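Notes for the one structure printed next.
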Amino acid sequence: MLTASQIDRWLQEDIGHHDVTNDVRGETTGRLVAKESGVAAGVDAATAVFNHLGVAAEPQVADGDAVDSDEIVLETSGPARETLRAERVAVNLAGHASGVATKTRDAVDRAAEVDSDVQIAGTRKTTPGLRGIEKRAVAAGGGDTHRLDLSHMVMIKENHIAEMGLETAVGTFRERASFATKIEVEAESSEQATRAAAAGADIVLLDNMTPAETEEVVAALSDAEGTVLTEASGGITVDDVADYAATGIDIISMGSLTHSAPSLDFSFRTD
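Right, here's the structure in full:
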């Protein structure tokens, strides 16, 4: 949920202390226009920025909608000075979020061509201060947000295992966590994945494994007692998604959805 203080910080960063450029009188109307095709996201955030400065903004598309080049995404009306002051922040937010959504949709579509049950998920590799925007953009693109913060799930990574030992870590956090909290263990080998499942992990993350290695471990875990979800992660790109989707994996998580997505090109014009 966007807050007024968050929008204030964004605007203050851009406006600074002595904005002469945008000291324009009168009223105006404007349009946020896509300059390339993609998936819209961050439209609500862009709308909120304009509204915060007293500019009326009317979205023409919803987050998750496909947009074409030259399509109007948002229309505004209000004081010219405030419109111009909101413009860059709104464009940057919509462009970045739409880039994330577009890349996510590409990954989702490629996975679905192989296995419609595979989920594409984001990670915590987000931009500080923009996690909410980026996670909503992943969802707009058809992906899963994964855990939003450390409180949403216990994820036992290599450093926890190095400090505590795998079985001890699972047992310790199982005692401390709520019954509703899932426990995921990051495994770097087939042996470690098997141990994680045996220790009671709800999800086993296969880290930095090739598709062939992933398929082998997924098969081994499917033969184990109990039900455990499997997740592949670690440097996976959109070009790799189909290969991993063919392994029988349940989830493919990709930090690149947020940390490496190019912005979708938008332009804002006043009348």
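What the sequence shown shows, in the working numbering, is residues 1231 to 1501, in sequence order.
We put the beta carbon where it would ideally sit given N, CA and C, even for glycine.
Remember, predicted model here, so these are calculated numbers, not experimental data.
Per DSSP, which one or two residues make a beta bridge with residue i?
i     : result
P1309 : E1257
L1214 : Nothing can be reported for residue 1214, as the shown portion of the chain is limited to 1231 through 1501.
I1482 : I1350 and A1462
V1269 : A1296
P1289 : L1304
Could you check if residue i is buried or exposed, using at least 16 other CB atoms within 10 Å of its CB as the buried criterion?
i     : result
M1231 : exposed
R1340 : buried
L1380 : exposed
Q1422 : buried
A1277 : The amino acid at residue 1277 is misidentified as Ala; the sequence shows Thr. That one is buried.
R1406 : exposed
A1449 : exposed
A1392 : exposed
T1477 : buried
G1256 : exposed
D1469 : exposed
For residue i, I'd like the list of residues in its chain whose CB is within less than 7 Å of its CB, leaving aside the five on either flank, ordered along the chain.
i     : result
Y1474 : P1441, T1444, A1462, I1466 and I1482
N1252 : R1311, L1314 and R1315
G1268 : V1297, S1328, T1332 and L1494
V1319 : W1240, L1241, D1244 and V1279
Whose C-beta lies closer than 6 Å to the C-beta of residue i among residues of the same chain, with five residues either side of it excluded?
i     : result
S1497 : V1263 and K1265
D1480 : L1459 and T1460
G1464 : D1437 and N1438
M1484 : I1466
T1500 : T1258 and G1260
E1418 : D1437
A1271 : D1293, A1327, S1328, A1331, A1367 and A1370
For residue i, which residues from the same chain have a beta carbon less than 8 Å from its beta carbon, with the 5 sequence-adjacent residues on both sides left out?
i     : result
D1249 : R1315
F1403 : V1384, I1386 and I1413
V1254 : A1310, R1311 and L1314
D1284 : In the sequence under discussion, the amino acid at residue 1284 is Gly, which differs from the Asp named in the question. So the list reads G1308, P1309 and E1312, once near-sequence residues are dropped.
- Item | Contiguous beta strand (DSSP E) assignments of at least 3 residues, all confined to the stretch 1381-1467 | Complete beta strand (DSSP E) runs here, min 3: 1384-1386, 1413-1417, 1433-1437 and 1459-1463.
- Task: Determine, using beta-carbon pairs with one atom in the stretch 1359-1371 and one in the stretch 1296-1313, whether at least three such pairs fall under 8 Å.
- Result: No, the stretch 1359-1371 is not in contact with the stretch 1296-1313.
- Segment contact, 8 Å Cβ cut-off, at least three pairs: the stretch 1488-1499 with the stretch 1322-1338: The stretch 1488-1499 vs the stretch 1322-1338: in contact.
- Every unbroken alpha helix (DSSP H) inside the stretch 1343-1380 [4 residues or more]: Listed in chain order, the complete alpha helix (DSSP H) runs (minimum 4 residues) inside the stretch 1343-1380 are 1361-1370.
- Query: Within the chosen definition, does the stretch 1373-1390 reach the stretch 1405-1418 through at least 3 CB pairs nearer than 8 Å?
  - Reply: Three or more beta-carbon pairs drawn from the stretch 1373-1390 and the stretch 1405-1418 are found closer than 8 Å, and the two stretches are therefore classed as touching.
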